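Just so you know, we're using my numbering here: the sequence shown kicks off at -2 and counts up by one.
Written below as structure tokens is the structure these notes are about.
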Amino acid sequence: MNYKLELNTQEPNSNIVFNTIVFDAFKVNIVERYIGKMNYNPKLFEVIFKVRTLNDELINKKDGNVKVKIKDADFDTYHRLTSRLNSYDYKNKLINRTEVDQEYVHFILSLVIMNYQLN
-2 MNYKLELNTQ
8 EPNSNIVFNT
18 IVFDAFKVNI
28 VERYIGKMNY
38 NPKLFEVIFK
48 VRTLNDELIN
58 KKDGNVKVKI
68 KDADFDTYHR
78 LTSRLNSYDY
88 KNKLINRTEV
98 DQEYVHFILS
108 LVIMNYQLN
């Protein structure tokens, strides 16, 4: 499955970061909320994601809700993966960026499959 990863879309001085993964048939909007100053050691506080069609129509979860909050062990895994995406090694191409991207995308895709009924 083809995808395009759009990372760290953010307003200046905002504690909210938007990431998007665009697949062939749908896209996943990920919202990260941080506490603390963004220019000095911000701490990831909350992660929410929504699935949309390519026409920006929201897709409901299996339980009828729209968004998913990443919690507990999944939150720790997400934090580890985003730390790698934001690392010095990743930004300066000292590690295999494709592998790091794929780990992140596969993790998010596994959460999408668990929570959504995609046709």
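We put the CB at the ideal spot given by N, CA and C, even for glycine.
Every value quoted in this text rests on a predicted model; they were computed, and no experiment measured them.
Bounds of the alpha helix (DSSP H) holding residue 97 are 94 to 112. The secondary-structure analysis by DSSP pairs residue 43 across a beta bridge with 30. By the Cβ criterion, the segment 58 to 69 is in contact with the segment 34 to 48, since at least three pairs of Cβ atoms, one from each stretch, lie closer than 8 Å.
In the three-state DSSP reduction, residue 88 falls in the helix class (H, G or I). With a contact defined as Cβ atoms closer than 8 Å, residue 104 and residue 75 qualify at about 7 Å. Within the segment 60 to 87, the runs of alpha helix (DSSP H) that reach at least 4 residues and sit entirely inside it are, in chain order, 69 to 82.
Residue 18 is bridged by DSSP to 2, 25. A straight-line Cα-Cα distance of about 19 Å links residue 99 and residue 44.
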